[in-house]
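This report refers to the structure that appears directly beneath it.
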Amino acid sequence: MIGLEDASVSFGARTLFSGISFTVPVGRSMAVLGPNGRGKTTLLRALLGFQPLVKGRRSAPKIAGYVPQHGASQAKLSGLDVVIMGRAARLGLFGQPSADDRAAAEEALAEVGACHLTELRYDRMSGGQRQMVLIARAIATGSPALVFDEPTSALDLGNQSRTLELLNMLRLRRNKAILFTTHDPNHALAAADDVLLMMPEGREMHGTVAEMLEPDKLSELYGVAMRWVDVPGPTGETRRAILPAFAGIEAA
Amino acid sequence: MAATESGRQSLIGLRIGAFGLMVLALIAAMLFSIGAGRFSVDVPRIGEILLAAILNPDAAPTQMDERIVLLVRLPRVLLAALSGAALAVGGAALQGVFRNPLVSPQVLGISQGAAFGGALAILFGYSGVVLLGMAFLLGLSALVLVGLLARINGRTEVITVILAGMIVGALFAALVSVVQFVADPNTSLPAIVYWLMGSFSTATWPRLWLAVPGMGLGLIAVWLLRYRLNLLALEEQEARSLGVNPDRERWYIFTAISLMTGTSVAVAGIIGWIGLVVPHAARILVGEDHRALIPASALLGAAYLTLIDTMARTLTAAEIPLGVLTALVGAPVFGYLLRRHFKETNRT
């Protein structure tokens, strides 16, 4: 389980959020939506214990599987070596990764379908490949909680799709508490059970995807009109996406 | 899977081969250094002398070549090798912690602090243990000062550590100048100046034993923390998320580095550039994983400083100060590194 209880964070006179409460139990996945600068990253930092709370409490396992936006950026290490770092908390100060740690890392790479990245050097990987390695590292921590900082923001559409599929697969296993931030409500539709909306003027609301992803609420969230559109799926079934008013202007 | 397994096997094979070569290079450098000089001794004779000394350690050397090898050159070579290993490992560890291949032990102001301690000791006519103690203590106080200056709102960021190191280094460099200014130009001033330029010419067995605890402890500590260095090279927040305490663990490394730097300054003055040039070469040979980089830096640093010291005492009739030679080699390498570093950062 991972969550905040009546938590407030402020920088000097500026309050990013106050009295925020939510929990993500093991087996559920929550997406955090909010406009730029509203404090999504600060919320993650508070959740992970990197940002002191002015008041309130956080509940989180000692180590959370954290997937940063740009991780290990200079590491001239193999994919496997980066994943093995996920085992660091289990090693003592003078400890060295053992064969068990290596096996756990290989298993985590297999779980995200990235065995082919085992030997590739991290600094030579593409953004999408790095993302897979960092997700594997978060899994290798063995933590019951996974926290993603905008896992799709730096990726092209193909890699966004792969990452969302992976997020959804992890969600459907129902054995982790998952939280991720995103700019696209459709990503919440694709991979979350619950949504936390960080509304302007310091209000927050959360509920299930069905309750939260409404054009009215999202219009208020982003300050742009939103509407549902029907999209044919690959097998002809009807799917729904939620799009801003500017989508499709040129084609019309 | 079989392919990656065999790939890893061949990688491990390469590593072992590289380390084998480095050990051989170190042994060759040490033998060459023991033999070279105005009174040259050939390698078989060195072997004979060393073997006899090991088999019968209590017998006093009588022959001329025995006395030169056992009393003059062997302690000097061992001290140079040990100092080279300590300085190179200190540089490699520091570069890992700062995620920057351009920093070296001088950056934290430790060398300057230790230099001030040593100069002060010479000014008051001390040498030996007092000089070493002063160098270590003031090197450590430079480090503590850096720590106090850099700790802002309970947290220590890498960039503030570098800036604080510059400030403290400048302060102690000025204090060294003050000591030189007040020193007696006929006696202590030349001693201070020559000592600061760096030399192993005063190496003896007692001096070696003086250096072994500090350098040995520092080397062992960094070796034990080698995997930690990989983790500390990550972004601060990322490292913390993996259960690392970067604030605290960085200071373990810094203390080990100041122990090694203070000791080496005490026994041989400031020998610059080793901590910069050697880890760079080691990185080319074994890569950036500190589990390989630390031992490789130790071996290469030992061989490199042994050879530099041999050049210093054999090239000319009078000894060339070590600092001069290491700078002549180091400065061009540093210039090259600097250009390459910024070319790479601009490209990505």
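Each protein sequence line maps, in turn, to chains B and Y.
Counting in our numbering, the first sequence runs from 258 upward without gaps.
Counting in our numbering, the second sequence runs from 1292 upward without gaps.
For every residue, glycine included, the Cβ atom is placed at its ideal position computed from N, Cα and C.
Can you give me the C-alpha to C-alpha distance between residue 1579 of chain Y and residue 1518 of chain Y, rounded to a whole angstrom?
11 angstroms
If you draw a straight line from the C-alpha of residue 1381 of chain Y to the C-alpha of residue 1511 of chain Y, how long is it?
Going from the Cα of residue 1381 of chain Y to the Cα of residue 1511 of chain Y covers about 12 angstroms.
Three-state secondary structure (DSSP) at residue 1564 of chain Y?
Coil, per DSSP.
In three-state terms, what does DSSP make of residue 1621 of chain Y?
helix
Considering only residues of the stretch 1421-1497 of chain Y, which uninterrupted alpha helix (DSSP H) runs meet the minimum length of 4 residues and lie entirely inside it, listed in chain order?
Unbroken alpha helix (DSSP H) stretches of 4 residues or longer found wholly inside the stretch 1421-1497 of chain Y: 1449-1473, 1479-1488, given in chain order.
Leaving aside the five residues before and after residue 1292 of chain Y along the sequence, list all residues of the same chain whose C-beta is less than 7 angstroms from its C-beta, in chain order.
Here residue 1292 of chain Y scores only 43 on pLDDT, less than 50, and its place in the model should not be relied on; the value that follows carries that caveat. So the list is empty, once near-sequence residues are dropped.
Sort Y/1576, Y/1568, Y/1608, Y/1585 by Cα distance to residue 1623 of chain Y and report the nearest one.
Comparing alpha carbon positions, the residue from Y/1576, Y/1568, Y/1608, Y/1585 closest to residue 1623 of chain Y is Y/1568.
Could you list which residues in chain B have their beta carbon closer than 8 angstroms to that of residue 1580 of chain Y, in chain order?
334, 338
For residue 263 of chain B and residue 433 of chain B, I'd like the C-alpha separation in whole angstroms.
23 angstroms
For residue 1329 of chain Y and residue 1605 of chain Y, I'd like the C-alpha separation in whole angstroms.
7 angstroms
For the stretch 270-281 of chain B against the stretch 333-340 of chain B, are there 3 or more C-beta pairs whose distance is under 8 angstroms?
no
For residue 1379 of chain Y and residue 1308 of chain Y, what's the separation of their Cα atoms in angstroms?
21 angstroms
Closer than 7 angstroms between beta carbons: that is the criterion. Which residues of the stretch 1362-1396 of chain Y meet it against chain B?
1390
If the cut is a Cβ gap below 7 angstroms, which residues of chain B does residue 1300 of chain Y touch?
Within chain B, no residue comes near residue 1300 of chain Y; the closest Cβ sits about 12 angstroms away, beyond 7 angstroms.
Which chain B residues are close to residue 1577 of chain Y, counting only those with a beta carbon under 7 angstroms from its beta carbon?
Among the residues of chain B, none has a CB under 7 angstroms from the CB of residue 1577 of chain Y; the nearest is roughly 11 angstroms distant.
Would you mind listing the alpha helix (DSSP H) stretches within the stretch 1346-1425 of chain Y that are 4+ residues and don't spill past its ends, in chain order?
1355-1358, 1365-1389, 1401-1414
Who are residue 439 of chain B's beta bridge partners in DSSP?
B/290
So, using beta-carbon positions, are residue 478 of chain B and residue 456 of chain B closer together than 8 angstroms?
yes
Go ahead and label residue 420 of chain B buried or exposed: buried means 16 or more other beta carbons lie within 10 angstroms of its beta carbon, across all protein chains shown.
buried
State yes or no: is the beta carbon of residue 1529 of chain Y nearer than 8 angstroms to at least one beta carbon in chain B?
yes
Which same chain residues, not among the five before or five after residue 499 of chain B, have their C-beta less than 8 angstroms away from its C-beta?
Within the same chain, residue 499 of chain B has close Cβ partners 442, 443, 446, 470, 472, 475, 483, 484, 485, 486.
Can you list the alpha helix (DSSP H) stretches of 4 or more residues lying completely in the stretch 449-477 of chain B, in chain order?
466-469
Here's a check: name, in chain order, each residue in its chain whose Cβ is nearer than 6 angstroms to the Cβ of residue 1403 of chain Y, leaving out the five neighbours to either side.
Cβ neighbours of residue 1403 of chain Y within its own chain (closer than 6 angstroms, five residues either side excluded): 1460, 1463, 1464.
Compare the C-beta of residue 1535 of chain Y against all C-beta atoms of chain B and say whether one is closer than 8 angstroms.
yes
When DSSP builds the beta bridges, which residues end up paired with residue 265 of chain B?
By DSSP's assignment, residue 265 of chain B forms a beta bridge with B/312.
Considering only residues of the same chain and omitting the five flanking positions on each side of residue 385 of chain B, which have a CB-CB separation below 6 angstroms?
412, 416
Less than 7 angstroms between C-beta atoms, sequence neighbours within five positions excluded: which residues of the same chain meet that for residue 260 of chain B?
Excluding positions up to five away in sequence, the list reads 279, 280, 281, 316.
How close, in whole Å, do the beta carbons of residue 1405 of chain Y and residue 1427 of chain Y come, if the pair is a contact with beta carbons under 8 angstroms?
7 angstroms
Using beta-carbon positions only, say whether residue 1520 of chain Y and residue 1387 of chain Y come within less than 8 angstroms of one another.
Taking 8 angstroms as the cut-off, the Cβ atoms of residue 1520 of chain Y and residue 1387 of chain Y count as close.
According to DSSP, is residue 512 of chain B part of a helix, a strand, or is it coil?
Residue 512 of chain B lies beyond the stretch modelled for chain B, which goes from 258 to 509, so this question has no answer here.
Would DSSP call residue 1513 of chain Y helix, strand or coil?
helix
Taking only three categories from DSSP, how would you classify residue 1589 of chain Y?
helix
What does residue 325 of chain B touch in chain Y if you count any residue whose Cβ is under 8 angstroms from its own?
What residue 325 of chain B touches in chain Y: 1526, 1528, 1529, 1532.
On the DSSP bridge assignment, give the partners of residue 335 of chain B in chain order.
B/378
Indicate whether residue 1321 of chain Y and residue 1590 of chain Y have their beta-carbon atoms separated by less than 8 angstroms.
no
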